[in-house]
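All remarks here apply to the structure that follows.
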Amino acid sequence: MSEAFVEVQTVAKRWNGQLGVEQVSLSIPRGAFVALLGPSGCGKSTTLRLLSGLELPDEGRIMIDGRDVTTAAPSERNLSMVFQSYALFPHLSVAENVVFGLKVRKVKAAERREKLHRALEITGLLGYEARKPGELSGGQRQRVALARAIVANQPLCLMDEPLSNLDAKLRASVRKDIKKLQVDLGITVIYVTHDQTEAMSMADMVVLMKDGRIQQTGAPEDLYYRSANTFVAEFVGAPPMALLEGAAIPGYESASTIGLRAESLHLAEPGKGRLTCRVSECEFLGSETFVGLTHPAATGLTISMPGLRNIPAGEELEIDFADDDLHFFDAGGNRMRHPNGATV
Amino acid sequence: MATHVNIERRRQAIYGWLLLSPAAILLTAFAFYPSMATLWTSLFSRGTRRKASEFVGTGNYADLFADPTFWKVATNNLIYAGATIPISIAIALGMALWANSRIPARGFVRTAYFTPTVLPMIAAANLWLFFYTPGLGVLDQIGALFGLPSVNWLGQPETALWAVIIVTIWKEAGFFMIFYLAALQTIPEDLKEAADIEGASRFTYTRRIVLPLLMPTTLFIMVNALINSVKLIDHLFILTKGGPNDASKLILYYVWEMAFAFFDAPQAAAMTILILLVLGIVAGVKFTILDKRTHYQ
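Protein chains in written order, with my numbering: chain A, 232 to 575; chain B, 0 to 296.
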């Protein structure tokens, strides 16, 4: 874990002067599961394509396994890729799809058969060898794409939103499968997604991007508990962090914005709360209910209550919270130290 | 209840026949009936003033098989088909792959390739007359620059058929290219990227992925090219009139000659039936054997 397996140094890519990605630097240890997260158009896919060699950077350097591959062809980078659309060859059977790369690399037939068998076994596709992609369900196609990615035993696997074409239930199970696969095979996975649940649940390291720039790199809990700026705070977590004007809470006027997570809020007796809000809606999730609140100085204020709650909209509630649960941001939206001296 | 169901069924049946009738009427009037009439005509002798037309059974066919010109013309047409079909398809595919890649002035290239298709065949033939004419023609002029002797491309039996073949290929290739171009655009970009990641060369990608995915188009074009190799004879009227010495005469031209120059309608009808038979068999083979090996998306 000491030396970086994938190293990206101040990479930039622009199209006709327009922003693609800018100043992207990453250091990814061997065997890590890294999620590139961000809203659409943030440059996460571009970053992945730069890593794969399908696009070449305008500036910066990319190293994989100690080798400078900045201008190397995709096939010289010893990596595999899973595409969002799976990019299966529609006229080839499952088996032919999976061994396509091995054939191109002139791997002997016996070895090919063996690797094919192993890849299909791991992905649970044995028995489907002769089917064409058109005869498979979405989830099975997705597994063929995975099998094709792992068959060659490449140490690095890039995945471009591989679950976005699956339904919600399947997504949750395939998520676990992919994570298990990555651990079992000990490969490094770089995974692009716009779904923060996916990123937070699977990754060892999350890279959150916006407008072509990295906002924060770190473990999921870092992003959640120590959001680097208000964008990260609002992007990560369900529900996202609520942001209040600093002036709304007495004693913290020096902070421009104060962040609060739903779980840090609790109801207070009338007259004893620190903020008085109105209920805007209730969202029942089974084990808990998210109650949306409005306050003139806050956005996205939500309180999590156990079980089913049905509070009529417009009702006044008072809420309380501990000082330790507050996040402080300066006028530029960046995280700042505790205004009263203590570090958070 | 039962009467209602019956009325509904009858209504559906009438509706079905109404939808079917335009095609049925047109096809019957302009395809089925003429074919049958031709078959019927081919079984009778040619009527003259002295001798009325009478039933001769396969007599016309026997005469045809004994006619050396028929065999000459049939051979010509086989060569014509054997050359124009594969060459025009190969050129069309090459042009489509080229015009589909990222090249400068792509729109211009596509338009240029397609131009021969929009020209009427007669106009195209006139154009090629400027190339082939001995002495004045472009080919001779270029040849003269290198000190080559004048060649009468259309006037000698050895070259006449090939001169005609080249005009047809020139005319057809651009048309077929459009189909290939359309088919190429339906192949998703990420298949190329997936192949790139695996390290497939451009050649491997084309051979293993693009060509198989183009097979439905190729099949369609092959059937079209086959039909054209029998159907496209307009340029013969301008270029060679089937000569010299029947060297460039194609079967449909011979049918026309038989019917409207020699006024032997039954012979022409017999030949037409033979053409239909051969075309039918070839199309059947293509759609049964090749279709099985073709992937349709």
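Ideal Cβ placement from N, Cα and C applies to all residues, glycine included.
- Between the segment 320-337 of chain A and the segment 351-360 of chain A, the count of C-beta pairs closer than 8 angstroms reaches three or more; the two stretches touch.
- When C-beta distances to chain A are compared with 7 angstroms, the residues of the segment 179-200 of chain B below that value are PRO187, ASP189, LEU190, GLU192, ALA193, ASP195, ILE196, GLU197, GLY198, ALA199, in chain order.
- With three or more CB-CB distances shorter than 8 angstroms, the segment 382-392 of chain A counts as touching the segment 332-343 of chain A.
- In the structure shown, A/ASP391 falls within a strand segment according to DSSP collapsed to helix, strand and coil.
- In the same chain as B/ASN125, and ignoring 5 residues on each side of it, the C-beta atoms closer than 8 angstroms to its own belong to ILE237, in chain order.
- Of A/PRO470, A/ARG568, A/ALA486, the smallest CA-CA separation from A/GLU476 is found for A/ALA486.
- Taking a 10 Å sphere around the C-beta of A/PRO543, we find fewer than 16 other C-beta atoms and assign the residue as exposed.
- Per the coordinates, the alpha-carbon of A/LEU416 lies some 18 angstroms from the alpha-carbon of A/PRO393.
- Taken through DSSP and simplified to helix, strand or coil, A/MET472 comes out as coil.
- Taking 8 angstroms as the cut-off, the Cβ atoms of A/LEU412 and A/GLY369 do not count as close.
- Excluding its 5 nearest sequence neighbours in each direction, B/ILE90 has C-beta neighbours in its own chain below 7 angstroms: ILE168, ALA172, listed in chain order.
- Not one beta carbon of chain A lies nearer than 8 angstroms to the beta carbon of B/PRO215.
- When C-alpha distances from B/ARG207 are compared across A/THR428, A/GLU352, A/PHE320, A/VAL325, the shortest belongs to A/PHE320.
- One Cα belongs to A/ALA341, the other to B/GLU197, and the distance between them is close to 19 angstroms.
- As the crow flies, the alpha-carbon of A/ALA303 is around 49 angstroms from that of B/GLY142.
- Taking 7 angstroms as the cut-off between beta carbons, the residues of the segment 332-363 of chain A near chain B are GLY332, VAL335, ARG336, in sequence order.
- At a cut-off of 8 angstroms, the C-beta of A/MET390 has no neighbouring C-beta in chain B.
- Around the beta carbon of B/TRP70, fewer than 16 other beta carbons lie within 10 angstroms, which makes this residue exposed.
- Cβ-Cβ distances below 7 angstroms link B/LEU38 to ILE272 in the same chain, with the five nearest sequence neighbours on each side left out; the list follows chain order.
- Contact between A/ALA235 and A/PRO260 holds, since their C-beta atoms are separated by about 6 angstroms, short of 8 angstroms.
- Using a Cβ distance threshold of 8 angstroms, B/VAL222 and B/LEU251 do not count as a contacting pair.
- Using a C-beta cut-off of 8 angstroms, the segment 55-73 of chain B makes no contact with the segment 144-162 of chain B, since fewer than three inter-stretch Cβ pairs fall below that distance.
- Contact check between the segment 455-463 of chain A and the segment 284-296 of chain A: fewer than three CB pairs, one atom from each, fall below 8 angstroms, which does not count as touching.
- In the DSSP assignment, A/LEU548 falls within the unbroken beta strand (DSSP E) covering 547-551.
- In the DSSP assignment, A/LYS244 forms a beta bridge with A/VAL252.
- Contact between A/TYR317 and A/ARG372 holds: CB atoms are separated by about 5 angstroms, below the 8 angstroms threshold.
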